[in-house]
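For the record, in the sequence shown the residue sitting at position 17 is 4 according to the numbering used here, with numbers rising by one throughout.
Virtual Cβ for every residue (Gly too), placed ideally from N, Cα, C.
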Amino acid sequence: MRYFPLPLLLIALLSELASSAATAAPAPPPTCALLREQTASPRWLSLPGSRLVVNPFSGKNSDPAAAPLALPEQLLALDVAYYAGPAATSLPALCFLQQLRPGSGAAVVPGPRIPLVEGGWSTEGVEARFANGAARLTPADAYGAITRSVTVDLDRTPTLLVQCSPGSPAFDLKVNDGTQPVDTFLRPTHRFGASAVDVAAATGWHGVRTFLLRLFALGKGRPTTFTSVQFAALPGAAAALPETWMPGSVTARAQVGAAEIAGTTQMPDVNTVSVRYRVEQGQPGPLVLAGTFPGAAKWDGRTQTLLLQSERCHAIVTVSRPARWLGLRAAAPDWLLSTAEPQGGPPGESAPPHGGIWRLAVSGLAPGADLVVTVRFFPGTGTPGPAALAAARASATEAAFAAALARGEAEWNRRIARAPRPLDFTVRPVSPKGVTAAQVERAYYRAWVFFLADSLPPMPENSFPFPQFCAGKPSLWDGGAPHSEATAEWDSAMAMQALALLDPIGVQRALEGLLGQVEADGYLPGELLPAVLAQTLWMDTVQSGDTAALRRLYPALKRFLIWRIASPRWVYPNKSRADVKPATIKSNEFVLHEIVEMQYAERIANELAMPEEARFWREQRQAASSDFVRWFWQTPDGPVSEEMDPVSGWRGGLDIPWVLKGLQLGGDLLPEREGKSLLAIFDRTFAPAKAFGGVQNRFGDIEPVFLGLLSYGRIAEARQLAAAALRDVTRAREYSEQYSSADPPRPDGVRPSSFGARVAIDSALWHNGLILDQGLPVIIGMPGAAGVDNIPVRGEMLSVRFNERGTSVTLSGTALHSLAMPAGFHRAGAGWTGPIQEGGRIALAFAAH
């Protein structure tokens, strides 16, 4: 018999217990039921590889607290966008229920209609063309407007009704009576198309008032066509009730008198949107099915199908109940508010000059009855054939809808079950401000839903046979390179890095398409922001293992990085090399990101056994690090500039939170005094009770500060920053490019955006002791960390779990056979166990073969 000293026996026993505790109870997979929640504002839907988005975001103003003024003629409107050609086509109110108001309609009071004719409007920053009673505005820059004076009795007709042609971008409305230093912004009710705004309520004005009305078109070179502007008093509108969202469906309800109608929307497949309208209680009165479209419509009564055709897309509308064609009419507010019973029209009609509204009389909408409407889409280059028509008709039944709903939920359950599973979602050690662990958990997994649905398929009409991962598919952002305008150099890379864990081959193909557009001199057309393409390519190769693709893409990556190093500033607008900043300007965050990128470029060169290339990147990184200090520090102790011009000597943004990203360089590349100056700025800035700790609130700003705090041993503050980010992205309730510093924080910039989704995911992983920015996990000794299960490693799974004191960590899972055991670890049961110090890092690596 062998005898062991008692301490060794205790150590072995404790190790076995730790290993057993860490691997015995795997985290349960998330489900759609877990993510189910009620929302005050529309929540978007899409599918991986689909051109379609339900409830796309419509512009700058998505304040859920703003009570919208509902348009009475549109009940449960389905808003859709379809990506085809260079940009997405917005299709607001693609279909909706319309409540008829027979009789005199005395509650509808028409007011003055403002003519859209040349000579009555002044222009600012737009090319304005007036024809057929409409105004087509094309901004010369980000926005432009037309303005005119109007006189209105706001006591009698307080509501401004504005109609744009279907497919127009978002727009803004402003007024000014001459007594205000700035215009009053009017929040449009609908994201696109028809909008109603209560001017009296927004301004506090009463009686007969004369004021300036300004109509804004948004987006350089993107025309918006205003077709009608009119004041009116509206009847009581249907009350919108909270919506219920799940990854595969969204259910909205409207209160129509004593009746309640529910509309459940889903996507049975990547080409189809389906809505089930159900009268859940009461009798709403006469209803018809209607919708807007920017092209022609043709009704086939024999097959009960409506064919919609426009330049960029076609659609087949089918309904589950017998329907009668009521015609296609101009989509003007005075007609929308018509009280007359509609009459039937010819089965085939050309579109009005600026698109129109189609209407169908549908029978059998009694209480408890269902009406299923499906809309199947095709690119404008294709023509729906008999098979497509048959498939569309087959999907428009109650049974098909229910089956697709169940199938879609099961598929989403499968998708989100593949995501890493943090073990702890409780906000600490900062004040949670009412945020619960359940809310954080939903925000985390909803971010994975965002990324999984964020891809577009190859788009042959753009000569682009590659998938895309968008800056945020529902945001309809389109400032990228000409063949892939939905792909943003920085934002989309954030999406690709996350999805490299779940879809490395798809990410590789998307990177091939993006880097394939790098020109001979290294320029990549489109908006150029801080580049993370070398890091993204490295992270994806770690997961895919495809070094052949890495070798193919390296030349274009090198050209691009060299161009970016020489031009460390914001370059915009898209499709040109016009600069927002002078060519001599140096931007702190751009230079910093290039230094980090060169570290990954060196890794890539070493992986490809290219020692001269690796040496080139080391030398470039050292030179750039010297420039970084020389350009942005006036003295080694500060102040630190966010921007500077070495030619003129101008400096801007001194000691602002944005410069804190330089902490990421740590002591290896940043001299001691310069590092201390950044830490001093951090100490003056950081406040855990403030939104995102008072640090800049974009993922590209938070991550470098978090990593920098770890490198300087500031573990307590790093932990607080991770918890504050976790708390506040949950409170904001939307994944945004950035957030306000208000309490609670408000979304700002592009949204939904991959930046906000990355905050939700990465802060939860940091909170649980894991960093994934290297491709393989890096384990960090974060006090209170519990660990993460279900971490993908080349198709296998890894679990990382800490003991209660955080002094040891246990690794388990099928991925261990391909990994090298970290130094100091030993086998414990089916896994490996080893010590970890507070603030320590364990970078996992593949085993040598």
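Suppose only complete runs of 4+ residues qualify. What are the alpha helix (DSSP H) ranges in the stretch 508 to 554, listed by chain order?
Counting whole runs of 4 or more residues, the stretch 508 to 554 contains the alpha helix (DSSP H) stretches 520 to 531, 534 to 553.
Note down the Cα distance separating PRO469 from TRP232, rounded to an integer number of angstroms.
Counting from one through the sequence shown, the residue named residue 469 turns up at place 482. Counting from one through the sequence shown, the residue named residue 232 turns up at place 245. Distance between the alpha carbons of PRO469 and TRP232 is about 34 Å.
Going by C-alpha distance, which of ILE748, LEU78, ALA74 is nearest LEU488?
Walking along the sequence shown from the start, residue 488 turns up at place 501. Nearest of ILE748, LEU78, ALA74 to LEU488, Cα basis: ILE748.
What does HIS301 pair with, by DSSP beta-bridge criteria?
Start at 1 with the first residue of the sequence shown, and residue 301 comes out as number 314. According to DSSP, which records beta bridges pairwise, HIS301 is partnered with GLN296, PHE365.
Could you check where the beta strand (DSSP E) with MET254 kicks off and where it finishes?
Taking the first residue of the sequence shown as 1, we reach residue 254 at position 267. Start and end: 246 to 256.
Assuming LEU124 and VAL113 form a contact by the criterion Cβ under 8 Å, report the distance between their Cβ atoms to the nearest whole angstrom.
Along the sequence shown, read from residue 1 onward, the residue named residue 124 stands at position 137. Along the sequence shown, read from residue 1 onward, the residue named residue 113 stands at position 126. With a Cβ gap of about 5 Å, LEU124 and VAL113 count as contacting.
Between which two residues does the alpha helix (DSSP H) harbouring LYS663 extend?
Locating residue 663 in the sequence shown gives position 676, counting from the first residue. Element bounds for LYS663: 659 to 672.
Classify GLY351 as buried or exposed, calling it buried when 16 or more other Cβ atoms lie within 10 Å of its own Cβ.
Mapped onto the sequence shown, residue 351 falls at position 364. Exposed, since its Cβ has fewer than 16 Cβ neighbours within 10 Å.
Going by beta carbon distance, what residues of the same chain come within less than 6 Å of TRP345, once the five residues before and after it are set aside?
One-based indexing of the sequence shown puts residue 345 at position 358. Answer for TRP345: GLY278, ALA284, LEU315, listed in chain order.
In the DSSP assignment, the beta strand (DSSP E) including ASN163 goes from what residue to what residue?
Counting from one through the sequence shown, the residue named residue 163 turns up at place 176. Its beta strand (DSSP E) spans residues 158 to 163.
Grab the span of the alpha helix (DSSP H) containing ILE702 for me, first residue to last.
For the purposes of this step, residue 702 is identified with residue 715 of the sequence shown, where counting begins at 1. Per DSSP, ILE702 belongs to the alpha helix (DSSP H) from 702 to 719.
Would you kindly check if the distance between the Cβ of SER77 and the Cβ of SER462 is under 9 Å?
Position 475 of the sequence shown, counting from 1, holds the residue named residue 462. Position 90 of the sequence shown, counting from 1, holds the residue named residue 77. No, the pair does not count as a contact, with Cβ atoms beyond the cut-off.
What does DSSP give as the partner residue(s) for HIS813 in the beta ladder?
Here the question's residue 813 lines up with position 826 in the sequence shown. Beta-bridge pairing links HIS813 to THR820.
Return the Cβ separation of VAL529 and GLY762 in integer angstroms, given the expectation that the two are a contact with Cβ distance under 8 Å.
As a working note, residue 529 is residue 542 in the sequence shown. As a working note, residue 762 is residue 775 in the sequence shown. VAL529 to GLY762, Cβ: 3 Å. Contact.
Spatial neighbours of THR146 within its chain, please: C-beta separation below 6 Å, excluding the five flanking residues on both sides.
Here residue 146 is taken as the residue at index 159 of the sequence shown, counted from 1. Same-chain partners within the cutoff: ALA183, ASP185, ALA219, LEU221.
Could you tell me whether the stretch 502 to 522 touches the stretch 824 to 835, using the rule of 3 or more Cβ pairs below 8 Å?
Taking 8 Å as the limit for Cβ pairs, the verdict is that the stretch 824 to 835 does not touch the stretch 502 to 522.
So, are the CB atoms of LEU595 and TYR541 less than 9 Å apart?
Working through the sequence shown from its first residue, we reach residue 595 at position 608. Working through the sequence shown from its first residue, we reach residue 541 at position 554. Cβ atoms of LEU595 and TYR541: closer than 9 Å.
When you compare the stretch 376 to 390 with the stretch 253 to 262, are there three or more beta-carbon pairs, one atom per stretch, that lie closer than 8 Å?
Yes: the two stretches touch, three or more of their Cβ pairs being nearer than 8 Å.
Mapping the DSSP letters down to three states, classify ARG379 as helix, strand or coil.
If you number the sequence shown from 1, residue 379 lands on position 392. A quick correction: the sequence has Ala, not Arg, at residue 379. Reduced to three states, the DSSP call for ALA379 is helix.
Give the straight-line distance between the Cα atoms of LEU652 and ALA667, rounded to the nearest whole angstrom.
Counting from 1 along the sequence shown, the entry for residue 652 is found at position 665. Counting from 1 along the sequence shown, the entry for residue 667 is found at position 680. In a straight line, the C-alpha of LEU652 is about 16 Å away from that of ALA667.
Please state whether DSSP places TYR726 in a helix, a strand or coil.
As a working mapping, residue 726 is identified with position 739 in the sequence shown. In the structure shown, TYR726 sits in a strand (DSSP, three-state: E or B).
Who are the Cβ neighbours of PRO732 in its own chain at under 6 Å, not counting the five residues just before and after it?
Reading the sequence shown from its first residue, position 745 is the one you call residue 732. Contacts found: ALA678, ASP715, ALA719, TYR726.
Tell me which residues share the same chain as THR190 and place their Cβ nearer than 6 Å to its Cβ, disregarding the 5 neighbours each side in the sequence.
For the purposes of this step, residue 190 is taken as residue 203 along the sequence shown, with counting starting at 1. The answer, listed in chain order, is THR171.
Decide if VAL195 is buried, meaning its Cβ has at least 16 other Cβ atoms within 10 Å, or exposed.
Position 208 of the sequence shown, counted from the start, is the residue given in the question as residue 195. With fewer than 16 Cβ atoms within 10 Å of its Cβ, VAL195 is classed as exposed.
Distance check for ARG401 and LEU410, CA to CA, integer angstroms please.
The count along the sequence shown starts at 1 and reaches residue 410 at position 423. The count along the sequence shown starts at 1 and reaches residue 401 at position 414. Distance between the alpha carbons of LEU410 and ARG401 is about 19 Å.
So what's ARG135 in DSSP terms, helix, strand or just coil?
One-based indexing of the sequence shown puts residue 135 at position 148. Three-state DSSP puts ARG135 in a strand.
Following the continuous alpha helix (DSSP H) through ILE591, name the residue where it begins and the one where it ends.
Counted from its first residue, the sequence shown places residue 591 at position 604. Here the alpha helix (DSSP H) through ILE591 covers 575 to 594.
Go through its chain and collect everything with a Cβ distance to LEU665's Cβ below 8 Å, but skip five positions before and after it.
Looking up residue 665 in the sequence shown gives position 678. Counting only Cβ-Cβ distances below 8 Å, and skipping sequence neighbours, we find VAL627, VAL646, LEU647, GLY649, LEU650, LEU657, GLY695.
Would the C-beta of PRO461 count as close to the ligand MG, meaning under 8 Å from any of its heavy atoms?
Absent from the structure shown: the ligand MG. Ligands present: none.
Can you tell me which of the three DSSP states ASN400 falls into?
Locating residue 400 in the sequence shown gives position 413, counting from the first residue. In this structure, ASN400 counts as helix in the three-state DSSP scheme.
How long is the line joining the alpha carbons of GLN586 and ARG608, rounded to whole angstroms?
In the sequence shown, residue 586 corresponds to position 599, counting from 1. In the sequence shown, residue 608 corresponds to position 621, counting from 1. GLN586 and ARG608: Cα-Cα distance of roughly 7 Å.
From the DSSP secondary-structure annotation, give me the bridge partner or partners of GLN903.
For residue 903 there is no data in the structure shown, the boundaries of the chain being -12 and 836.
Is the stretch 774 to 781 close to the stretch 424 to 435, with three or more CB pairs under 8 Å?
They do not touch, by the three-pair rule.
Apply the 10 Å Cβ neighbour rule to PRO35 and answer buried if 16 or more other Cβ atoms are within range, or exposed otherwise.
Within the sequence shown, numbered from 1, the residue matching residue 35 stands at position 48. Classification for PRO35: buried.
Just to confirm my understanding: we take LEU785, look at its own chain, exclude 5 residues before and 5 after, and list those with CB closer than 6 Å. What are they?
Within the sequence shown, numbered from 1, the residue matching residue 785 stands at position 798. If we look at LEU785 and ignore the five residues flanking it on each side, its Cβ neighbours are ILE778, GLY800, ALA802.
Is it the case that the Cβ atoms of ARG551 and LEU515 are separated by a distance below 9 Å?
Here residue 551 refers to the residue found at position 564 when the sequence shown is read from its first residue. Here residue 515 refers to the residue found at position 528 when the sequence shown is read from its first residue. Yes. Within cutoff.
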